[in-house]
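Oh and the sequence shown: position 1 is 1 in UniProt numbering, straight run, nothing missing.
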Amino acid sequence: MPLATIKVIEHVFSADEKQQIIERVTDAIVSVEGESLREKTVVIVEEVSSGDWGIGGKPLTSDAVTQLRTAM
1 MPLATIKVIE HVFSADEKQQ IIERVTDAIV SVEGESLREK TVVIVEEVSS GDWGIGGKPL
61 TSDAVTQLRT AM
């Protein structure tokens, strides 16, 4: 049974976006392993507290990620 854990910073992705992540990660696994594993594939979207995630030695906050998303 495949298990994928996707970690995201809290308050950045909406419930709909997290659902899309679950669906698309499941689709990716099924594309490699076959359709028979769809019902056995587990995807967990785990939210990490703002500031508990760091890049380049600096904490990353929900606000900073939201600003990055809107700048794209």
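Beta carbons are placed, not taken as given, at the ideal position from N, Cα and C, and that holds for glycine.
Exercise. Distance, Cα to Cα, ALA71 vs GLN20?
Worked result: Locating residue 71 in the sequence shown gives position 71, counting from the first residue. Locating residue 20 in the sequence shown gives position 20, counting from the first residue. Roughly 21 Å separates the two Cα atoms.
For this session: Compare the C-alpha of GLU33 against each of ALA15, MET1, THR66, GLY51 and name the closest.
Result: Residue mapping note: residue 33 aligns to position 33 of the sequence shown, counting from 1. Ranking ALA15, MET1, THR66, GLY51 by Cα distance to GLU33 puts MET1 first.
For this session: Any chance you could list the alpha helix (DSSP H) runs of at least 4 consecutive residues sitting entirely within the UniProt domain "4-oxalocrotonate tautomerase-like" (2 to 61), in chain order?
Result: 15 to 33
Exercise. Quick one: Cα of ALA28 to Cα of GLU46, how far?
Worked result: For the purposes of this step, residue 28 is taken as the residue at position 28 of the sequence shown. For the purposes of this step, residue 46 is taken as the residue at position 46 of the sequence shown. Straight-line Cα distance between these residues: approximately 19 Å.
For this session: Take THR66 as the anchor and find which of ILE6, GLU10, THR41, ARG38 has the nearest alpha-carbon.
Result: Your numbering for residue 66 matches position 66 in the sequence shown. Comparing Cα positions, the closest option is GLU10.
Exercise. Would a C-beta distance cut-off of 8 Å place THR5 and ILE55 closer than the cut-off?
Worked result: Counted from its first residue, the sequence shown places residue 5 at position 5. Counted from its first residue, the sequence shown places residue 55 at position 55. Not a contact, by the Cβ cut-off of 8 Å.
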